[in-house]
Each structure stands twice: as structure tokens, then as C-alpha cells.
Amino acid sequence: MALGTKKTCVFYGIWYIVAIGFLLLQLHGAAFVWISVVMVGIGIGGIGNLIPSMIGTCFGRYDYLQANRAIAPLNTIVRQSGIILGGILSQTVYGYTGLYVILFIADAIGIIMTIFLIKPALQEK
């Protein structure tokens, strides 16, 4: 049974919201840390294939190369900015909890944007 790229992205976002929830509960025991580590580790393995699939879904095979030329660098910038943001926010008064809350909010926004803004490509030429 194939979910399709859009539904998979929504599922992926929900998966990460749950993982972030476990990260927020990490002070309550090591089990929460281990569950979140496993969930994040599983998610890392899938994102490398999901981004090109979403580009193909939105732009089709004929416009894929042109779209990927623009989206791949943007993806890298956003991904690396997250690392910098994590380093900065972890040093604030709110520590890692503040970082996880911001990631939770960003993930929720991403799910909403995926649901309402992603449209499959028109029929192939």
C-alpha cells in the first residue's frame, strides 16, 4: 500500500512531533531519551529520499531538474541553519527545552503548509 509523497510527509512530520515530545520528557527518565533517539534515527534515514520524491511530485519529471537546482541549495541552507539555531538556543535561559519547543512549532507549521500548499504536478506532458 503506497501512501503517496504528501501523506508520507505529513506522517513524517507527526513522527517528529512525537519524537520531540519524548525529548521534552527526557528529564523524567532515560527511557524517554532512548525512545526519542531511536525515532530521530529512523527519521534521518528517510528524509534523504523524501525530499527528491516531493520535488518530483510537485514539479513532475520534466521540470524536476530545474526545481531541484533551486530547492537543493535551499534545503541545505535551512538544514544547516537548524544546526546553528540549535547551538544558539541551547545556550539561552530556556536551554534545550526552548529549542525543542521551537522545533515542535516549526514542525507543526511544516505539516500545515504541506497539507494546504503542496499540490501534485499536473498531468505529464
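Numbering-wise (my numbering), the sequence shown opens with residue 1187 and increments by one.
Idealized CB from N, CA, C, for every residue including glycine.
At what residues does the alpha helix (DSSP H) containing residue i begin and finish?
i     : result
T1262 : 1216–1275
I1288 : 1281–1303
L1209 : 1191–1210
Is residue j closer than 8 Å to residue i when the C-beta atoms are compared?
i     : j     : result
A1212 : V1204 : Ala is not the amino acid found at residue 1212; the sequence shown has Gln there. Taking 8 Å as the Cβ cut-off, Q1212 and V1204 do not qualify as a contacting pair.
T1243 : A1307 : yes
G1190 : I1297 : no
I1304 : K1192 : yes
L1285 : S1276 : yes
Beta-carbon within less than 6 Å of residue i's beta-carbon, same chain only, minus the 5 sequence neighbours each way: which residues are those?
i     : result
I1233 : none
Do you know offhand how far residue i's Cα is from residue j's?
i     : j     : result
M1299 : V1279 : 30 Å
R1255 : G1227 : 27 Å
I1206 : M1225 : 9 Å
CB-CB under 7 Å to residue i, same chain, minus the five flanking residues each way: which ones, in chain order?
i     : result
K1311 : Note that K1311 scores a pLDDT of 45, beneath 50, so its modelled location is shaky; the value from the coordinates is reported in the next line. Once the five neighbours on either side are set aside, the close Cβ partners of K1311 are Y1248.
I1230 : none
Report buried or exposed for residue i, applying the criterion of at least 16 other Cβ atoms within 10 angstroms of its Cβ.
i     : result
L1260 : exposed
L1209 : buried
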